[in-house]
Amino acid sequence: MFANPTKEIGSATPKQDDLFSAGDWLYWKCEYEKAREHFQAVLKQPLLSASDLVRCYKSMGAVEVELKNYDEAVNIYNKQLSIMMASDSSSTKEDIISCYLSIGKVYWLKLDYNQAIAYHHRALEFGRASELSSSRISAVHKNLANIYTNAKEFDLALEHFQKALDIDHQHLRKDHPQFGQTYANMGMMYQSKQHYKAA
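Residue numbers (numbering that gives the first Met the number 0): 0 to 198.
#1: What are the start and end residues of the alpha helix (DSSP H) that includes arginine 172?
#2: Check whether the stretch 81–99 and the stretch 51–61 touch, using three or more Cβ-Cβ pairs below 8 Å as the test.
#3: Hey, cysteine 98 and tyrosine 112: beta-carbon distance below 8 Å or not?
#4: Quick one: grab the DSSP three-state call for serine 129.
#5: Are the stretch 170–180 and the stretch 143–155 touching by the rule of at least three beta carbon pairs closer than 8 Å?
#6: Could you check whether the stretch 23–39 touches the stretch 59–72, counting it as contact only if at least three pairs of C-beta atoms, one from each stretch, sit closer than 8 Å?
#7: With a CB to CB cut of under 6 Å and the five nearest residues on each side skipped, what residues in its chain are close to serine 133?
#8: Run through DSSP, which three-state label would aspartate 165 get?
#9: Count the other CB atoms, across all protein chains shown, that sit within 10 Å of the CB of serine 137; report buried if there are 16 or more and exposed otherwise.
#10: Helix, strand or coil: how does DSSP classify tyrosine 44 here?
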């Protein structure tokens, strides 16, 4: 019904590229066990910076998701989150939001909708405080709507679809493809609710 909510690995700076490119390549080749081994070896390197640790944990979390080791993925993402929360850098704000979303998406995959919703709300709250872009806030609302649909909480799903549409109508042209995807997901929600006329 929806695209894989976790298939992403962050971009790397040239310095990080030396450490992470082989693991990223293995990940994209779907050789997850080998990618895991690579990232575990990176963690054993001396003098890793906080940003290197954050990057490594992000990649390791994504690998564990693909291996369906969801509890381990949550554990790894929480390590990533702890490092970022201790940082004073304003550049980590977007990364913190992404980490909250990654954790929420893992809980979504585990069908633990309450935790998935909680982490998406944390991302929204942190995003509002950090002046997150409108497109990112809209995407979080769409995720929440889809999670609420899966949880059979259709009124809350509709509320978040509407919030996403309201944001998108302010910032996207009327024929933008995102509207089609949002309306398709709303149709799936109505179908799940068995309101076939609305779908």
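A virtual CB, placed ideally from N, CA and C, is assigned to each residue, including glycine.
Put simply:
#1: Looking at the DSSP string, arginine 172 is not in any alpha helix (DSSP H), and its letter there is neither H nor E.
#2: yes
#3: no
#4: coil
#5: no
#6: yes
#7: Setting aside the 5 residues that flank it on each side, serine 133 is surrounded in the same chain by Ile166, His170, each with a C-beta closer than 6 Å to its C-beta; the list follows chain order.
#8: helix
#9: buried
#10: Sequence inspection shows glutamine at residue 44; the tyrosine mentioned does not correspond to that position. Looking at glutamine 44 - three-state DSSP - the assignment turns out to be coil, as it is neither helix nor strand.
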